[in-house]
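Numbering (the working numbering), first residue to last: 1235 to 1611.
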């Protein structure tokens, strides 16, 4: 017989005023709007090494140039100590890390600087990588860079962006530059990935046999370095924009849904969002810990761009494809009327073959799909 379904808990949606406050936590207008960088250029000079360049120092230079102190500063590239000594700040060369002296190298013997004790307070062990030169620059100047681009951002959200930018962007630059493999030695990769930032920067170095068609001379290495620095900056800003303008504003909505989870289902293991598209997974993991959620959330409900209600399994934290609980095996790969018949739930549209997501015409139907999966734990 058809199921009798209750109406969705519409109070889950925050009012425009309360949602804005919960999502931002900032006073003033448009805290998540990126500002145009202004201010005079700096007379200070940045030093780094000459020769083949990598994303590390190219990014480090770009970061420094976005701070008020070193705004658009001139760069000198050399390995001659007598040239580097009088410069105001030097990165990735010189064999010294000394913040007071503005020297930021990571090649010296005994060096073991890391961003922090490890993700989640070190529960999963220490960071995999030491800080490269750009990592050191980010440690000391990263917050200034974030504030320069988002001056209305609260200190709480500056700190959140600072940590998330390291985890999602800077750590990979550090790892590549310091020679940390992406996977254990006993795992053989089945393909090579060379489209990332470090690879793209590497290919901007003049080739061994490359000549300028107009002059017949080797391409200007310093000009290529400036291009590489701009490429690094473009990628950094792209990630920062996502973190500050998409990821962080979603946190308030995820928290509101999490706190009202028992209005969705008495189990407390299902949360519902008014719409899809926002990044929720990382926030959910963090907020579960923050609020001591037990049992953990198994499914989230939301609408897609077409208005279909989705039921999505929450993955195990740190895993890409392992779900805390998947949709029933007999539903997987089945669609429409066939799925409705098997599940006994009106309006079923699909269940993915991997069991991580399904769809229904209505909120009520999506909720019952999640409940049916919970009943089979």
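Backbone N, C-alpha and C fix where the C-beta goes; we use that ideal spot for every residue, glycine too.
Which of the three DSSP states, helix, strand or coil, is assigned to residue i?
i	result
residue 1537	strand
residue 1557	strand
residue 1543	strand
residue 1396	helix
residue 1478	helix
residue 1401	helix
residue 1605	helix
residue 1428	coil
residue 1263	Residue placement at residue 1263 cannot be trusted, given a pLDDT of 46 that sits under 50; what the coordinates show is reported in the next sentence. Residue 1263: coil per DSSP, three-state reduction.
residue 1412	helix
residue 1600	helix
residue 1574	helix
residue 1343	coil
residue 1387	coil
residue 1525	coil
residue 1349	coil
residue 1269	coil
residue 1500	coil
residue 1470	helix
residue 1296	helix
residue 1462	helix
Would you list the residues sitting across from residue i in a DSSP beta bridge?
i	result
residue 1206	This structure gives no information on residue 1206, because the portion of the chain shown stretches from 1235 to 1611.
residue 1280	1309, 1323
residue 1380	According to DSSP, which records beta bridges pairwise, residue 1380 is partnered with nothing at all.
residue 1594	1543, 1582
residue 1289	Bridge partners of residue 1289: none, in fact.
residue 1549	1557
residue 1505	1534
residue 1331	1338
residue 1569	1584
By how many angstroms is the C-alpha of residue j removed from the C-alpha of residue i?
i	j	result
residue 1281	residue 1533	51 Å
residue 1558	residue 1540	27 Å
residue 1605	residue 1324	59 Å
residue 1488	residue 1297	31 Å
residue 1277	residue 1336	16 Å
residue 1581	residue 1591	15 Å
residue 1372	residue 1291	11 Å
residue 1455	residue 1295	15 Å
residue 1554	residue 1548	10 Å
residue 1257	residue 1266	Because residue 1257 sits at a pLDDT of 42, beneath the cut-off of 50, its placement in the model cannot be relied upon, and the point is left open.
residue 1517	residue 1391	13 Å
residue 1616	residue 1508	Given that the chain is displayed from residue 1235 to residue 1611, the structure contains no residue 1616 and the question cannot be resolved.
residue 1246	residue 1563	Confidence at residue 1246 is low in this model, with a pLDDT of 42, below 50, so the placement of that residue is unreliable and no value is reported for it.
residue 1326	residue 1423	30 Å
residue 1609	residue 1503	11 Å
residue 1333	residue 1345	14 Å
residue 1443	residue 1457	17 Å
residue 1480	residue 1314	44 Å
If contacts are defined as beta-carbon pairs under 8 Å, then residue i and residue j qualify, I think. What distance do you get, rounded to the angstrom?
i	j	result
residue 1593	residue 1583	4 Å
residue 1478	residue 1384	5 Å
residue 1573	residue 1585	6 Å
residue 1396	residue 1426	Contact doesn't hold; Cβ gap of about 32 Å is too wide.
residue 1289	residue 1380	About 19 Å separates the two Cβ atoms, so there is no contact after all.
residue 1561	residue 1607	5 Å
residue 1403	residue 1311	About 24 Å separates the two Cβ atoms, so there is no contact after all.
residue 1474	residue 1368	Actually they are not in contact, since the Cβ atoms of residue 1474 and residue 1368 sit about 14 Å apart, beyond 8 Å.
residue 1465	residue 1434	6 Å
Open item on the list: I want to know whether the segment 1400–1411 touches the segment 1359–1367 - three or more CB-CB distances under 8 Å.
Closed with: yes
Open item on the list: Check whether the segment 1448–1455 and the segment 1299–1306 touch, using three or more Cβ-Cβ pairs below 8 Å as the test.
Closed with: no
Task: the segment 1313–1322 contacting the segment 1495–1510, beta-carbon criterion three pairs below 8 Å - done: no
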